[in-house]
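Data first, discussion second: the structure below is written as structure tokens.
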Amino acid sequence: MVTGSTKKPKGTPKSPFPAEPDSLHQDGNWLWIPLRNVWRDIVGKPEEIVRQRFIRHLCDNYDYALNQMDQERRLTSGSRSARADIVIWESADAKARNLRGRFEMG
């Protein structure tokens with residue numbers, strides 16, 4: 008269970024992630040979401056902590072940049088639609104131009 012401040016932190020962290028490996032910016036019940044540039048209340052949302060740790064893992068261990076990623080993105084394939092937790096484009100430019108790559112929904 009997450010305990011601590013229920014008041015939303017003010018301001019933006021100086022870096023997307025803290026210097027300590029595998030750590031995230033957290034202030035009580037609030038977690039910094041670098042892809043959204045917001046603090047999010049994580050009480051009752053353990054999946055958000057897992058998602059943010061995985062995003063950090065992708066950056067730290069696979070050299071993906073935050074500017075080539077998005078989260079909670081709606082994807083369509085024909086008439087089917089799904090929401091992806093994390094989407095990675097080939098480059099920041101491809102993301103900016105909203106280029107589509109291959110993906111499968113199942």
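Quick note: the sequence shown uses my numbering, first residue 8, plus one each step.
The beta carbon of each residue, even a glycine, is placed where N, CA and C say it ideally should be.
Asked, Found
"Cβ shell of I95 (< 8 Å), same chain only, five flanking positions each side left out", "L65, Y71, Q75, M76"
"Three-state class that DSSP yields for E79 in the structure shown", "strand"
"Pair within 7 Å by beta-carbon distance, P23 and L73", "yes"
"L38 classed as buried or exposed, judged by whether at least 16 other C-beta atoms fall within 10 angstroms", "buried"
"Strand pairing of V45, partner residues [DSSP]", "I40"
"When S12, R104, K17, T83 are compared against N44, the one with the closest alpha-carbon", "K17"
"Proximity of A91 and R80 at Cβ, strictly below 7 Å", "yes"
"Contacting residues, own chain, Cβ-Cβ under 7 Å from E55 (five flanking each side not counted)", "L38, R47, I49"
"Test item: CB-CB of T19 and N36 under 7 Å", "no"
"Distance between A103 and S84 (C-alpha atoms, nearest Å)", "20 Å"
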